[in-house]
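Working notes, structure below.
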Amino acid sequence: MSKVTVVGAGNVGATCANVLAHKDVVKEIVLLDIKGDFARGKALDSWQQAPIDYYSTSIKGTADYADTANSDIVVITAGIPRRPGMSRDDLISSNAKIVTSVTKSILEHSPNPIIIIVSNPLDVMTYAADKASGLDSSRVFGMAGILDTARYRAFLASALNISPKDFQAVLMGGHGDTMVPLPRYTTVAGIPVTELIDEETLDAIVERTKKGGGELVKLMGTSAWYAPGAAAAQMVATIVRDENRVFPCCALLSGQYGLKDLFLGVPVKLGKNGIEQIIELQLNEDEMALLNKSADHVTKVMGVFNDMNVL
Numbered sequence: 000m001s002k003v004t005v006v007g008a009g010n011v012g013a014t015c016a017n018v019l020a021h022k023d024v025v026k027e028i029v030l031l032d033i034k035g036d037f038a039r040g041k042a043l044d045s046w047q048q049a050p051i052d053y054y055s056t057s058i059k060g061t062a063d064y065a066d067t068a069n070s071d072i073v074v075i076t077a078g079i080p081r082r083p084g085m086s087r088d089d090l091i092s093s094n095a096k097i098v099t100s101v102t103k104s105i106l107e108h109s110p111n112p113i114i115i116i117v118s119n120p121l122d123v124m125t126y127a128a129d130k131a132s133g134l135d136s137s138r139v140f141g142m143a144g145i146l147d148t149a150r151y152r153a154f155l156a157s158a159l160n161i162s163p164k165d166f167q168a169v170l171m172g173g174h175g176d177t178m179v180p181l182p183r184y185t186t187v188a189g190i191p192v193t194e195l196i197d198e199e200t201l202d203a204i205v206e207r208t209k210k211g212g213g214e215l216v217k218l219m220g221t222s223a224w225y226a227p228g229a230a231a232a233q234m235v236a237t238i239v240r241d242e243n244r245v246f247p248c249c250a251l252l253s254g255q256y257g258l259k260d261l262f263l264g265v266p267v268k269l270g271k272n273g274i275e276q277i278i279e280l281q282l283n284e285d286e287m288a289l290l291n292k293s294a295d296h297v298t299k300v301m302g303v304f305n306d307m308n309v310l
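In numbering that gives the first Met the number 0, the protein residues as written are 0 to 310.
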């Protein structure tokens, strides 16, 4: 795979393109935005960084979908960001129209790309892109769990004063307040995190993780971008390298965990074909109850999208 398109040259999209360029695993990145000069400026700035940071990936900014032709992977970050007081779900009416339009425009020039959704509300926007594309569901999925587990691991690293490199974690469910961090599947260099931290502190970190995006919106007045952009870039690099790494992603369930016909965050194996496998964990009764609660919320938001008749 040699060509990746990132739709949306705002903070998240530009960060994704820049981080991916630094990984030096693709030949070309196209950064597309309705503000063509804005995209061209971001791309040019990143290209001028190449001699300093030693990468060869070219970056082209454009407003023309024709420049995205024959893209292997497309990352969609387009949409309005969250503002203070807004939930991710508040964005559905505006961003659903944007994501469906972008998806259809991309497919006019790239018949069978892998599409990664970053736009919020993430779960329903992934559903919208899937419906608009008609692609196999293994090729349309969302970036959420990688970001959420990164926040979870970062908070744990600070609390324990241990490098974030040594943390592994699983997080499931919707991208929002109903997400389901799983302490039972959280380890530090193979050691269960419950052996290193007290229950009260761990519970507080889990709650902070659930509201991690909102915390940043309150601090900055807009959504985060460094970690989300880097998370999307990590997904792209994993697919390009065909690494078959296991990440939590927003994927279409077809009976796994007793759920079907909805997009929800679950652990998957990512490789050259996109989602190579959805991994089904043996959740206990409490964990399953939390996952079902999250699924109910996502289903309701999907219903809001269906009622909009965007497609």
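Using N, Cα and C, we set each Cβ at its ideal position, and we do this for glycine too. Nothing here was measured: the structure is a model prediction, and the numbers come from that model.
Rounded C-alpha distance that separates residue i from residue j
i: V309; j: T99; result: 8 Å
i: A156; j: P163; result: 5 Å
i: A77; j: T193; result: 39 Å
i: A231; j: V5; result: 10 Å
i: V25; j: E284; result: 43 Å
i: S1; j: N69; result: 10 Å
i: S137; j: T298; result: 20 Å
i: Y54; j: S293; result: 41 Å
i: I196; j: D129; result: 40 Å
i: K209; j: A95; result: 23 Å
i: Y126; j: V101; result: 14 Å
i: V245; j: A49; result: 30 Å
i: Y184; j: L159; result: 17 Å
i: L263; j: E286; result: 15 Å
i: D176; j: G211; result: 9 Å
i: L181; j: G12; result: 29 Å
i: D202; j: K34; result: 43 Å
i: N10; j: V3; result: 17 Å
Option nearest residue i by Cα separation, candidates the options
i: D135; options: G189, P112, D147 and A143; result: P112
i: I79; options: Y151, D165 and S118; result: S118
i: L146; options: S222, Y64 and E286; result: S222
i: L252; options: N283, F304, T237 and G173; result: G173
i: T67; options: G141, L106 and A188; result: L106
i: L261; options: A288, L282, G141 and I75; result: G141
i: Q281; options: S132, A153 and V169; result: V169
i: T200; options: W224, L218, F154 and G133; result: F154
i: N291; options: G35, E198 and Y256; result: Y256
i: S132; options: M171, A203 and S109; result: S109
i: Q233; options: N305, N10, G144 and A250; result: G144
i: I190; options: E214, M171 and I161; result: I161
i: T14; options: N305, G228, V303 and E198; result: G228
i: R207; options: Y151, N305 and E198; result: Y151
Contacting residues, own chain, Cβ-Cβ under 7 Å from residue i (five flanking each side not counted)
i: I58; result: A16, A20, I28, L30, A42, S45 and W46
i: D165; result: V187 and A188
i: F37; result: A8
i: L258; result: L252 and A294
i: M301; result: V123, Y126 and L261
i: A236; result: L19, K22 and V24
i: P247; result: G144, I145, T148, V169, L170, M171, G264, V265 and P266
Same chain, Cβ closer than 6 Å to residue i, neighbours up to 5 away in sequence not counted
i: S104; result: Y64
i: I278; result: P266
i: I51; result: none
i: A149; result: A226
i: Q167; result: T186
Rounded Cβ spacing between residue i and residue j (contact assumed at less than 8 Å)
i: I72; j: I116; result: Between I116 and I72 the Cβ distance is about 12 Å, and since that is not below 8 Å, they are no contact.
i: D23; j: T56; result: 6 Å
i: V216; j: P120; result: Their Cβ separation, rounded to whole angstroms, is 14 Å, which puts V216 and P120 out of contact at 8 Å.
i: D241; j: G270; result: 5 Å
i: V179; j: L289; result: 5 Å
Residues of its chain near residue i, where Cβ-Cβ distance is below 8 Å and the 5 sequence neighbours each way are ignored
i: S92; result: M307
i: Q276; result: V267 and K268
i: I238; result: M0, I72, I113, L269, G270, K271 and G273
### Query
For the stretch 132-163, which segments carrying the alpha helix (DSSP H) assignment without a break, of at least 4 residues, lie completely within its bounds, in sequence order?
144-159
### Task
Ignoring anything shorter than 4 residues or poking outside the stretch 181-236, list the alpha helix (DSSP H) runs there in chain order.
198-209 and 211-219
### Query
Mind pulling the alpha helix (DSSP H) runs of 4 or more residues that sit fully within the stretch 272-309?
284-307
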